[in-house]
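First residue of the sequence shown: 1285, per this note's numbering; consecutive thereafter. Heads up, the beta-carbon is just placed ideally off N, CA and C, and yes, glycines get one too. The model shown is predicted, which means the values in this text are computed figures rather than measured ones.
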Amino acid sequence: MKELGKHPHTGKSLVLYKSKQGLFLKKGLRRIYLPATVSPDSLTPANAAEYLK
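Written as structure tokens, this is what we have:
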């Protein structure tokens, strides 16, 4: 688990999770899996918000 910061529009916390299938973000009860090319160190709150659209 890694806290990325606040969502730029909603102000909610953005948290990056890791599972056997890869890295993902949560939006409500849904899991949004990120591409394997995404590095957790380079992910910013603005980038993460784009995946949650």
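Near the ligand FAD: residue i beta-carbon under 8 Å from a heavy atom
| i | result |
| --- | --- |
| leucine 1307 | Ligands in the displayed structure: none, and consequently the ligand FAD is not present. |
Nonlocal neighbours in the same chain, by C-beta distance under 7 Å from residue i, ignoring five residues either side
| i | result |
| --- | --- |
| proline 1324 | Lys1286, Leu1300 and Leu1307 |
| proline 1292 | Pro1329, Ala1330 and Ala1333 |
Residue from the options with nearest C-alpha to residue i
| i | options | result |
| --- | --- | --- |
| asparagine 1331 | Leu1309, Lys1302 and Ser1303 | Leu1309 |
| lysine 1311 | Ser1326, Lys1302 and Ser1297 | Ser1297 |
| arginine 1315 | Val1322, Leu1336, Thr1321 and Pro1292 | Leu1336 |
Sub-9 Å separation of residue i and residue j beta-carbons
| i | j | result |
| --- | --- | --- |
| leucine 1288 | proline 1329 | yes |
Neighbour-count burial assignment, residue i, 16 or more Cβ in a 10 Å radius
| i | result |
| --- | --- |
| leucine 1327 | buried |
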